[in-house]
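Student:
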Amino acid sequence: MITTLEQRFDVAAGRRRCLRYRQRILEISQQVTALHVAPAFSCLEMVDLIYHGLMRNPGNRSHAGTPDSFLMSKGHGCLSQYVILEELGVLANSDLQRYCTPIGQLGAHPDFGVPGIEASTGSLGHGMGIATGMAYADRIKGDDRAVFVVLSDGELQEGSTWEAIMMAANLNLHNLIAFVDLNDFGGLARMSEGHPAFYPVLDKIQAFGWEAIEVNGHDAGAMYEGYCRRSRTQPFMIVGKTVKGKGVSFMEHVPIWHYRSPNKEEYAKALGELGEVSS
Ligand SMILES: Cc1ncc(C[n+]2csc(CCOP(=O)(O)OP(=O)(O)O)c2C)c(N)n1
Numbered sequence: 000m001i002t003t004l005e006q007r008f009d010v011a012a013g014r015r016r017c018l019r020y021r022q023r024i025l026e027i028s029q030q031v032t033a034l035h036v037a038p039a040f041s042c043l044e045m046v047d048l049i050y051h052g053l054m055r056n057p058g059n060r061s062h063a064g065t066p067d068s069f070l071m072s073k074g075h076g077c078l079s080q081y082v083i084l085e086e087l088g089v090l091a092n093s094d095l096q097r098y099c100t101p102i103g104q105l106g107a108h109p110d111f112g113v114p115g116i117e118a119s120t121g122s123l124g125h126g127m128g129i130a131t132g133m134a135y136a137d138r139i140k141g142d143d144r145a146v147f148v149v150l151s152d153g154e155l156q157e158g159s160t161w162e163a164i165m166m167a168a169n170l171n172l173h174n175l176i177a178f179v180d181l182n183d184f185g186g187l188a189r190m191s192e193g194h195p196a197f198y199p200v201l202d203k204i205q206a207f208g209w210e211a212i213e214v215n216g217h218d219a220g221a222m223y224e225g226y227c228r229r230s231r232t233q234p235f236m237i238v239g240k241t242v243k244g245k246g247v248s249f250m251e252h253v254p255i256w257h258y259r260s261p262n263k264e265e266y267a268k269a270l271g272e273l274g275e276v277s278s
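As structure tokens, this is what we get:
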């Protein structure tokens with residue numbers, strides 16, 4: 000039985016943090032010609048909940064004690080992780096300033112070896128297998144650790160993801176917690192239009208032997224409640240229905256924002272739409 004800390008999650012504080020993180024990501028967007036804004040905005044509430052509500056010792060650089068693990072399997076969404084690691088002090092402000100430059104250590108996808116990054120991801124379909132292996136290794140060693148992983152609909156188009164999902168169920172890895180950022184885009188087109196057989200996702204996950212729920216992936220309270228109510232006998236998945244580009248109206252559901260920096264006017268408009276962080 001895992002004993003992941005289940006302190007009450009302050010939903011309002013999470014909302015304030017996510018606003019700050021969106022602002023910070025937009026700020027970084029002005030340093031580079033292109034970056035994955037919309038993929039990061041899509042999964043931000045999930046990543047925030049994992050770091051600030053579910054993981055134990057998330058800012059522990061040395062991995063001493065019993066820190067839980069987090070894998071950003073949809074690696075191109077890593078700005079959501081970088082800005083949190085910056086706030087936790089795992090990454091320095093200068094790291095973010097050098098994002099995607101030859102002298103920096105942060106690329107457009109997470110690289111193993113960078114503080115806080117536990118696996119190199121970005122090639123879709125590998126994170127679930129790595130997370131399954133890590134959770135199994137922890138079980139064998141008798142370590143009381145949880146492994147959290149964030150996937151995307153694009154990753155559920157990769158057969159390797161389903162192999163790992165099946166294996167995790169075979170092994171009853173109840174220390175493995177997955178989130179799917181289900182924003183209906185698996186590239187430039189809508190999954191529901193190009194791949195209707197992909198749905199319903201929840202039924203498929205359950206049929207593969209997982210305990211799973213489907214909720215609004217921007218509703219941290221609902222995700223947290225579902226997490227706390229899980230039975231702890233099987234691997235657990237939160238299928239979170241999300242909006243790609245969430246928070247900025249002209250980015251929401253618009254494929255070009257998968258990988259594009261806003262120009263000055265767009266930047267100002269986006270910041271204006273996000274509004275102020277209230278204390
Ligand atoms: C194996 C593999 N094939 C193709 C790509 C190119 N690629 C990058 S992101 C992406 C799809 C993005 O959709 P999704 O994974 O659902 O992410 P999100 O919509 O959440 O940004 C693709 C096809 C890749 N990174 N890896």
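Just so you know, the sequence shown maps onto residues 0 to 278 in numbering that gives the first Met the number 0.
Quick reminder that beta carbons are idealized off the backbone N, C-alpha and C, glycines included.
Which of the three DSSP states, helix, strand or coil, is assigned to R15?
Tutor: Three-state DSSP puts R15 in a helix.
Student: For K240, which of helix, strand or coil comes out of DSSP?
Tutor: Three-state DSSP puts K240 in a strand.
Student: Output the distance between the C-alpha atoms of S119 and C42, rounded to the nearest integer angstrom.
Tutor: Going by the C-alpha atoms only, they are around 18 Å apart.
Student: So the candidates are I212, E192, R189 and G193; which of them puts its Cα closest to the Cα of V200?
Tutor: Of I212, E192, R189 and G193, the residue nearest in Cα terms is I212.
Student: DSSP on L78, reduced to helix/strand/coil?
Tutor: Three-state result, L78: helix.
Student: Between F235 and the rest of its own chain, which residues show a CB-CB distance below 6 Å, the 5 nearest in sequence each way excluded?
Tutor: Closer than 6 Å at Cβ, skipping near neighbours: I176, E210 and R229.
Student: So what does V247 bridge to, in DSSP terms?
Tutor: Answer is none; V247 lacks a bridge partner.
Student: Could you have a look at E213 and say whether DSSP puts it in helix, strand or coil?
Tutor: Reduced to three states, the DSSP call for E213 is strand.
Student: Is DSSP giving L53 helix, strand or coil here?
Tutor: Helix.
Student: Which complete beta strand (DSSP E) runs does the segment 177 to 228 hold, if anything under 3 residues is left out?
Tutor: The segment 177 to 228 contains these whole beta strand (DSSP E) runs: 210 to 215.
Student: Identify, in the order they occur along the chain, each residue of the same chain with its Cβ nearer than 6 Å to the Cβ of Y98, setting aside the five sequence neighbours on each side.
Tutor: Around Y98: I27 and L105.
Student: Just mark G279 as buried or exposed, buried being the case when its beta carbon has 16 or more other beta carbons within 10 Å.
Tutor: Only positions 0 to 278 of the chain appear in this structure, which leaves residue 279 out of reach.
Student: Any heavy atom of ligand 2 closer than 7 Å to the beta-carbon of F184?
Tutor: This structure does not include ligand 2; its bound ligands are ligand 1.
Student: Classify K268 as helix, strand or coil using the three-state DSSP reduction.
Tutor: K268 falls in the helix class under three-state DSSP.
Student: Is S191 near ligand 1, judged by its Cβ being under 7 Å from some heavy atom?
Tutor: S191: no, Cβ never under 7 Å from ligand 1.
Student: What are the start and end residues of the alpha helix (DSSP H) that includes S119?
Tutor: Premise fails: S119 is in no alpha helix (DSSP H) and is neither H nor E.
Student: F147 lies in the beta strand (DSSP E); which residues open and close that run?
Tutor: Residues V146 to S151.
Student: First and last residue of the beta strand (DSSP E) that includes F69?
Tutor: S68 to M71 is the extent of the beta strand (DSSP E) around F69.
Student: Would A168 and F207 qualify as a contact pair, given that the criterion is a beta-carbon distance under 8 Å?
Tutor: Yes. Within cutoff.
Student: At what residues does the alpha helix (DSSP H) containing D94 begin and finish?
Tutor: Here the alpha helix (DSSP H) through D94 covers N92 to Q96.
Student: Under the assumption that D67 contacts V149 (Cβ atoms under 8 Å), give the Cβ distance between them as a whole number of angstroms.
Tutor: Contact doesn't hold; Cβ gap of about 14 Å is too wide.
Student: What number of angstroms, rounded off, separates the C-alpha of G126 from the C-alpha of L270?
Tutor: Each residue's alpha carbon lies about 32 Å from the other.
Student: Would the beta-carbon of H217 be found less than 7 Å away from any heavy atom of ligand 1?
Tutor: Flag unset: Cβ of H217 not near ligand 1.
Student: Using CA atoms only, rank isn't needed, just tell me which of A130, T241 and I49 is closest to N215.
Tutor: Among A130, T241 and I49, the Cα nearest to that of N215 belongs to T241.
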